[in-house]
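**Student:** Numbering-wise (our numbering), the sequence shown opens with residue 19 and increments by one.
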Amino acid sequence: MKRHARRTVVGVALSTLAILIAWAYSYTSPMTPRASREWSKGRVIGRTPVSRPVALHSAPDQGVLLVWPNLEGQLELAHIGEDGELLLDRVLSVSVEEPRDPQLQIGPDGRLHLLWREMAEPNAVIRYALLEADGTLVGRPQLISDPALWAEAGPRLVLDAEARPHALWADRTGIQWAVLSRDGRLLEGPTLLIPEGRFPAVQADREGRLHLAWQYWAGRNTRQIYYALLDPRTGELGPPQEVAQVFQRSGQRIEGPVLGLDPQTGYVLWSVLDMRAISSRGRYAFFPLNLPRQKRILALHLKEGWDPGGMYALAGQRTPLLVALSETVSSMQGEEVQVAVVALARGQTPEYEVWGLARGTSGGRQACLNPAQVAGTAEASERREPPAQEWEAEHIVTASNLPSVKPILAADDRSYLHLAWLEPGGFGQYRVVYASTAPEVKRTYNALSLWDIVDPLFRSVFRLSLALPAVVPILVRWALVPMGGIVLYHFFTGEEWLERTRSWVVLGAAVSLEVALTFLLPPRTSVPWPPIRWVAPVVTTGLAGLGTALFLRRQTDRSLFGAFFLFTGIHTLLQLAVYFVPWGLGGGL
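Structure representation (structure tokens):
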């Protein structure tokens, strides 16, 4: 009966394991891991065929709206609720060609202003549409660019103080500007605002003025970055101020500019991408808004990563300015591109201790912000809103095993942050991922699931299976010399049983020598906590010694070789588990 019950238990366990393996093999988790406790996990919202930023905007109901071009060549709208649940996901009936670079703004009446670039033949054009909050089209989409001119990537859409949409884009003649009414009628434009300008960036301040930054190609290898102020009522452009002059070497490309504002300071950021060295470096200029000539240029120093790219400044005049970007980060699994948030305050990166993915944790001292400053209104503190987010100089957000690129950042009126980015999702497609600091979203997305239990378990088993071939070289390194000593002892004395005191002494000497070799010759793998080199052998020696002693205590015939092999086997397997199961075979043996 006991044998039958034992077989039944084993059969049920094996069947359950087989079902879990089959489920884990076929299951694709919609969640992506996080590097920071301040953020939720990422949730996959949709898929897109292009590596271009999506449109993200906070919704009046504390949720967010996202717009992206889907795999079918249409614009798709998603409404994510306050708790992170998907409330709406619909394809917008606004585009007949391949849409790119959607831009989204929400008017005071809750209606959506949508701008996008359409890859029409023979030229790419800029279109605009007015939508209800649920994505229903109001009127017809409008063509606002000249169809005879190729519209370049990166159109921009912003609302002025009267909630009128302003569209800016670049073509071969320069930067074009168009003004629409609150109900979506074209009021003015397109007007050539900046001849020969490229890659416009725009932000609206609290007074409704429009701040512009753009590139100008002064020569074959020279790129100039300019800043100017635009009066949205009169259309008058202030005197352009040169922010920087960048020399572009062969194989390099200038990404940007990106424009950000705080209450007194303007920031213009850009990065230089070196396609040959596969690297990048970031720089930024800052200046008083009332005196842009007094600019300073600094390098963007990252403490946790390198090679910044895809920078996006949080809209609104908040202190400090938060910039989302992607950077290469070294983690326990190797080097990967992750999303980070960097805080800039009057040109000074705050001197706070930063903890992130590279250090295996998320915490540390952080810069506390004034809730009214982050929300952008004094009424926020009067309403006793939840405290503002606390940020250090650099905050690693994602911990994905896939590159996380093209981030876009938004804030709601409670000062919580919302982030969307892209990850590779297969051949010719990318996953659109969303995360937030809102507590309701964190509660929903960070809830423990079966996948959170099964995935780490199977990963540990897989890593251990990969580490098993390392047993042979480790045994050669640690056990060969002690084993040779026992063989010589047996050769000269003929003893192979633990019957005399000298046999116990030889066993103890061999074990001690093996343990000493584990200290002197540890595995050459990289671990985030270097003292493990000294702690791990002590722990594994104690456990292996205890296991060997308990086994020998129950035996009447105690073999010298058997005791040594038992200790060595337990000790080696525990060392493999300590070094390679959590962190893998990063540095070899």
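The C-beta atom is built at its ideal place from N, Cα and C for all residues, glycine as well.
By the three-class DSSP mapping on this structure, what secondary structure does Thr-455 have?
**Tutor:** The answer is coil: DSSP assigns Thr-455 none of H, G, I, E or B.
**Student:** With DSSP as the reference, label His-508 as helix, strand or coil.
**Tutor:** Correct three-state label for His-508: helix.
**Student:** Would you call the CB atoms of Trp-195 and Thr-209 closer than 9 Å?
**Tutor:** Result yes, Cβ atoms of Trp-195 and Thr-209 sit closer than 9 Å.
**Student:** Residues in its own chain within less than 8 Å of Gln-263 by CB, not counting five upstream and five downstream?
**Tutor:** Counting only Cβ-Cβ distances below 8 Å, and skipping sequence neighbours, we find Ala-236, Thr-240, Arg-241, Gln-242, Ile-243.
**Student:** Could you give the residue range of the alpha helix (DSSP H) that holds Ser-15?
**Tutor:** This structure does not reach residue 15, given that the chain is present from 19 up to 607, and the question cannot be answered.
**Student:** Considering just the uninterrupted stretch of the beta strand (DSSP E) at Val-286, what are its terminal residues?
**Tutor:** Looking at the DSSP string, the run of the beta strand (DSSP E) that includes Val-286 is 283 to 292.
**Student:** Between which residues of its own chain and Gly-153 is the CB-CB distance below 6 Å, once the five residues before and five after are set aside?
**Tutor:** Correct list, in chain order: Leu-95, Arg-108, Leu-110.
**Student:** If I follow the unbroken beta strand (DSSP E) through Phe-537, where does it start and stop?
**Tutor:** Where Phe-537 is concerned, there is no enclosing beta strand (DSSP E), although the alpha helix (DSSP H) it sits in stretches over 519 to 538.
**Student:** Mind checking whether Val-112 and Ala-147 have CB atoms under 9 Å apart?
**Tutor:** Yes, these two residues count as a Cβ contact at 9 Å.
**Student:** Could you round the C-beta distance between Leu-307 and Thr-283 to whole angstroms and report it? I think they count as a contact, below 8 Å.
**Tutor:** Sure, about 7 Å apart at Cβ, within 8 Å.
**Student:** Excluding the 5 residues preceding and the 5 following Glu-273 in the sequence, name in chain order all residues of the same chain whose CB lies nearer than 7 Å to its CB.
**Tutor:** Answer for Glu-273: Trp-288, Ser-289, Leu-291, Gly-327, listed in chain order.
**Student:** Between which two residues does the beta strand (DSSP E) carrying Glu-206 extend?
**Tutor:** Element bounds for Glu-206: 204 to 213.
**Student:** Could you give the DSSP three-state label for Ile-588: helix, strand or coil?
**Tutor:** If DSSP states are grouped into helix, strand and coil, Ile-588 belongs with the helices.
**Student:** Provide the residue span of the beta strand (DSSP E) that contains Pro-183, from first to last.
**Tutor:** Per DSSP, Pro-183 belongs to the beta strand (DSSP E) from 183 to 189.
**Student:** Among residues of its own chain, excluding the 5 on either side of Val-143, which ones have a beta-carbon nearer than 7 Å to its beta-carbon?
**Tutor:** These residues qualify, in order along the chain: Glu-136, Leu-161, Ser-163, Pro-165, Ala-169.
**Student:** For Phe-445, which of helix, strand or coil comes out of DSSP?
**Tutor:** Coil, per DSSP.
**Student:** Please confirm whether Val-341 and Val-415 have their CB atoms less than 9 Å apart.
**Tutor:** It is not a contact, given that the beta carbons lie outside the stated cut-off.
**Student:** Considering only their Cβ atoms, is the gap separating Ala-417 from Pro-87 smaller than 9 Å?
**Tutor:** Not a contact, by the Cβ cut-off of 9 Å.
**Student:** Given that a residue counts as buried once 16 or more other Cβ atoms are within 10 Å of its Cβ, and exposed if not, what is Ser-268?
**Tutor:** By the 10 Å Cβ count, Ser-268 comes out exposed.
**Student:** Using the rule of at least 16 other Cβ atoms within 10 Å of the residue's Cβ for burial, across every protein chain shown, is Ala-396 buried or exposed?
**Tutor:** Here Ala-396 scores only 34 on pLDDT, less than 50, and its place in the model should not be relied on; the value that follows carries that caveat. Label assigned to Ala-396: exposed.
**Student:** State the Cα-Cα distance for the pair Thr-26 and Val-494, rounded to the nearest angstrom.
**Tutor:** One C-alpha to the other measures close to 41 Å.
**Student:** Using 10 angstroms around the beta-carbon of Thr-511, count the other beta-carbons present and answer buried if the total reaches 16, otherwise exposed.
**Tutor:** Its Cβ having fewer than 16 others within 10 Å, Thr-511 is exposed.
**Student:** Going by DSSP, what residue range makes up the beta strand (DSSP E) through Trp-324?
**Tutor:** Element bounds for Trp-324: 323 to 331.
**Student:** To the nearest angstrom, report how far apart Leu-248 and Ile-212 are at their CA atoms.
**Tutor:** Going by the C-alpha atoms only, they are around 11 Å apart.
**Student:** Between the Cα of Gly-172 and those of Leu-255, Val-261, Ala-73, spot the shortest distance and give me the residue it belongs to.
**Tutor:** The shortest Cα separation from Gly-172 among Leu-255, Val-261, Ala-73 belongs to Ala-73.
**Student:** Take Thr-191 as the anchor and find which of Val-197, Leu-175, Gly-560, Arg-216 has the nearest alpha-carbon.
**Tutor:** That would be Arg-216, whose Cα lies nearest to the Cα of Thr-191.
**Student:** Would you list the one or two residues that DSSP bridges to Met-49?
**Tutor:** Per DSSP, Arg-61.
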